[in-house]
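Using our numbering, you'd call the opening residue of the sequence shown number 10 and step up by one each time. Positions of the beta carbon are idealized from the N, C-alpha and C atoms, including for glycine.
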Amino acid sequence: MGFPEAYRLNWEDFPRDEYESRVRRAQEIMREDGLDVVVITSGENVEYFSGFQNGHWNSKSFPTGALLLHRSKDPVLLIPRFFSGTAWSTSWVDELAIFPEPHAAPRDFGRVLVEAVHRLGGRTAVVGFERGTHMSPGWNLDDLLYVTEQLVSGEMRSAARVIWGVRMIKSPRELDRMRWLTRITDEAITAVRDDLALGQTEREIGNRIAFEIMKRGGDDTSFRNIRAGSDRYHCSDSLPQARPFEEGDLLIIDTGAKYGQYGTDVAYTTLLGKATDRHHEVYDITVRAQDAAVSMCRPGVPAKEVFFAAARIIEESGLPTLDMIGHGIGMDLHEPIMLTPYNDEVLQEGMVLSVEPWLYDPSGLGVFALEEHVIVTDDAPEMLSSIPRDELLEVR
10 MGFPEAYRLN
20 WEDFPRDEYE
30 SRVRRAQEIM
40 REDGLDVVVI
50 TSGENVEYFS
60 GFQNGHWNSK
70 SFPTGALLLH
80 RSKDPVLLIP
90 RFFSGTAWST
100 SWVDELAIFP
110 EPHAAPRDFG
120 RVLVEAVHRL
130 GGRTAVVGFE
140 RGTHMSPGWN
150 LDDLLYVTEQ
160 LVSGEMRSAA
170 RVIWGVRMIK
180 SPRELDRMRW
190 LTRITDEAIT
200 AVRDDLALGQ
210 TEREIGNRIA
220 FEIMKRGGDD
230 TSFRNIRAGS
240 DRYHCSDSLP
250 QARPFEEGDL
260 LIIDTGAKYG
270 QYGTDVAYTT
280 LLGKATDRHH
290 EVYDITVRAQ
300 DAAVSMCRPG
310 VPAKEVFFAA
320 ARIIEESGLP
330 TLDMIGHGIG
340 MDLHEPIMLT
350 PYNDEVLQEG
360 MVLSVEPWLY
370 DPSGLGVFAL
380 EEHVIVTDDA
390 PEMLSSIPRD
400 ELLEVR
């Protein structure tokens with residue numbers, strides 16, 4: 010390849026055996042589902058199975074890369090030539106397929122991918138794609154159409170079960186990563202809440218949290234949904250604004266820490282002022298709903314039963330119910346398993362869940378958010394989040 014052997018895997022995120030284990034688990038499901046080859050193009054999935062790290066995934070000018078999984082053979086990593094050094098130093102995958110002219114029109118990515126599929130699985134290979142629930146691959150549509158037209162059947166079989174069947178269950182190393190990320194998230198939020206005052210702005214809080222996370226070794230926030238006040242409560246998942254906090258505002262800090270592709274997603278509520286009895290009442294319902302849901306986070310429990318454990322408490326209070334009470338988390342902020350009233354899938358040991366009963370008081374009092382992380386174990390659920398939340402925090 011032209012790179013010194015001493016540079017091989019100097020910058021891998023996990024040891025080689027971690028990735029090999031992931032691929033072996035995927036291959037077992039591929040054989041069960043009758044898939045010969047799986048084509049992966051989204052950054053988080055390519056990195057998950059190959060280790061290939063690259064900062065180009067957000068660029069739309071050309072494909073950053075792709076990974077081909079075979080039901081029994083070693084995977085193949087497709088990359089532009091000038092990412093070869095990055096692949097050599099970060100990915101355990103030995104076989105590379107190079108598309109040398111990523112900026113050409115038409116570019117050669119699709120052609121190289123089809124040729125690699127044929128070499129790996131033959132011209133009659135049954136091919137799976139990132140298609141289905143919770144799948145949003147980063148394909149250029151022209152490339153996708155070319156590839157599906159050139160493969161024998163042209164059928165886009167779903168490989169969602171292959172990918173999520175592996176990714177939903179975190180390895181011991183991933184669990185340690187999520188424990189650490191949750192801890193530094195908690196520390197960053199606590200540092201900011203300790204210094205809260207009227208006149209500060211949502212944007213200042215978001216920037217301070219990012220600073221505190223990076224000071225502790227994280228890369229940045231995973232996202233920043235920070236809002237306060239009656240003119241902002243309705244702005245779900247909005248970016249923080251230069252809005253000063255006022256007396257009586259409920260402040261929602263919904264954010265997380267990011268390291269590589271992994272991130273956290275937690276939320277806490279703070280009142281800037283003195284709480285009324287109604288504040289305490291609604292907040293108490295939020296806590297009880299979360300406690301009920303967390304207590305159900307055990308192997309073999311259907312996801313919908315976790316939802317209903319929280320929903321029953323919310324319904325009894327007369328407050329509006331939600332359509333989701335939580336979700337899996339890891340390399341994506343929202344991963345399966347989804348805690349909804351429609352989901353019959355059962356929880357499994359090794360899942361990391363973000364349990365989040367958000368209550369909306371229709372009287373205009375505000376939004377009460379509580380979102381924390383838990384690991385499903387073979388015993389009691391392991392709560393990762395550690396910020397005290399039994400009482401509504403008041404800042405005066």
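Helix, strand or coil for M165? Go by DSSP, reduced to three states.
coil
So, are the CB atoms of S53 and D341 less than 9 Å apart?
For the sequence presented, residue 53 should be read as Glu rather than Ser. Result yes, Cβ atoms of E53 and D341 sit closer than 9 Å.
Please return the same chain residues whose Cβ sits closer than 7 Å to the Cβ of F316, not counting the five positions on each side in sequence.
I334, L348, T349 and P350
Answer yes or no: does any C-beta atom of chain C fall closer than 9 Å to that of W97?
Here there is only one protein chain, and chain C is not present.
Could you say if the stretch 264-274 and the stretch 305-325 meet the contact criterion of at least three C-beta pairs nearer than 8 Å?
no
Alpha-carbon to alpha-carbon, G94 and L356
40 Å
If you measure between the beta carbons of V126 and Y155, is that distance less than 9 Å?
no
For the structure I just gave you, are there three or more beta carbon pairs, one from the stretch 197-208 and one from the stretch 157-173, closer than 8 Å?
no
On a CA-only basis, which of T157, L374 and G215 is nearest V47? Give me that one, please.
T157
Could you spell out the range, first to last residue, of the alpha helix (DSSP H) harbouring A190?
Strictly speaking, residue 190 in this sequence is Leu, with Ala absent from that position. Where L190 is concerned, the enclosing alpha helix (DSSP H) stretches over P181 to D203.
Distance, Cα to Cα, G74 vs D228?
23 Å
Taking the CB atoms as reference points, tell me whether E344 and R188 lie closer together than 9 Å.
no
Would you kindly check if the distance between the Cβ of P109 and the Cβ of D117 is under 9 Å?
yes
So L190 packs on A266, CB below 8 Å; how close in whole Å?
5 Å
Name the two residues that bound the continuous alpha helix (DSSP H) containing S100.
Where S100 is concerned, there is no enclosing alpha helix (DSSP H), given that its DSSP letter is neither H nor E.
Using only the alpha-carbon positions, how far apart do V161 and N234 sit?
45 Å
Use the C-beta contact count for E164: other C-beta atoms within 10 angstroms, 16 or more gives buried, fewer gives exposed.
exposed
Could you name the residues that DSSP lists as bridge partners for K267?
D229 and G272
So the alpha helix (DSSP H) F12 belongs to, where does it begin and stop?
Note, F12: premise wrong, no alpha helix (DSSP H); not H, not E.
Just the C-alpha distance for S395 and L153, rounded to the nearest angstrom, thanks.
45 Å
Once the 5 residues before and after A219 are set aside, which same chain residues still bring their CB inside 7 Å of it?
D229 and T230
Within the stretch 82-151, ranges of the beta strand (DSSP E) (whole runs, at least 3 residues):
85-89, 104-108 and 136-138
Would you mind working out which of L248, D240 and L184 sits nearest G215, comparing C-alpha positions?
L248
On the CB-based measure, 16 or more other CB atoms within 10 Å of its CB, does H336 come out buried or exposed?
buried
Judging by CA-CA distance, which residue of M305, T279, I38 and F61 is the nearest neighbour of P24?
F61
Express the C-alpha separation of F12 and M144 in angstroms, rounding to a whole number.
35 Å
From this set, L87, F377, A15 and E183, which residue's C-alpha is nearest G359's C-alpha?
E183
Taking 9 Å as the threshold (C-beta atoms), are Y242 and Y57 in contact?
no
When you compare the CB positions of A298 and A276, do they come within less than 9 Å of one another, or not?
no
Helix, strand or coil: how does DSSP classify S363 here?
strand
I'd like the span of the alpha helix (DSSP H) that includes Y242, first residue to last.
Per DSSP, Y242 belongs to no alpha helix (DSSP H) and is neither H nor E.
Same chain only: Cβ atoms within 6 Å of W367, ignoring 5 sequence neighbours per side
A378
CA-CA distance, D246 and N67?
20 Å
Boundaries of the beta strand (DSSP E) in which F23 is found, first to last residue
That residue, F23, is in no beta strand (DSSP E); it is neither H nor E in DSSP.
Inspect the beta-carbon positions of S3 and Y28 and report whether they are closer than 9 Å.
The chain is shown from 10 up to 405; residue 3 falls before or after that span and cannot be answered.
Tell me, which residues are paired with I235 by DSSP?
I262
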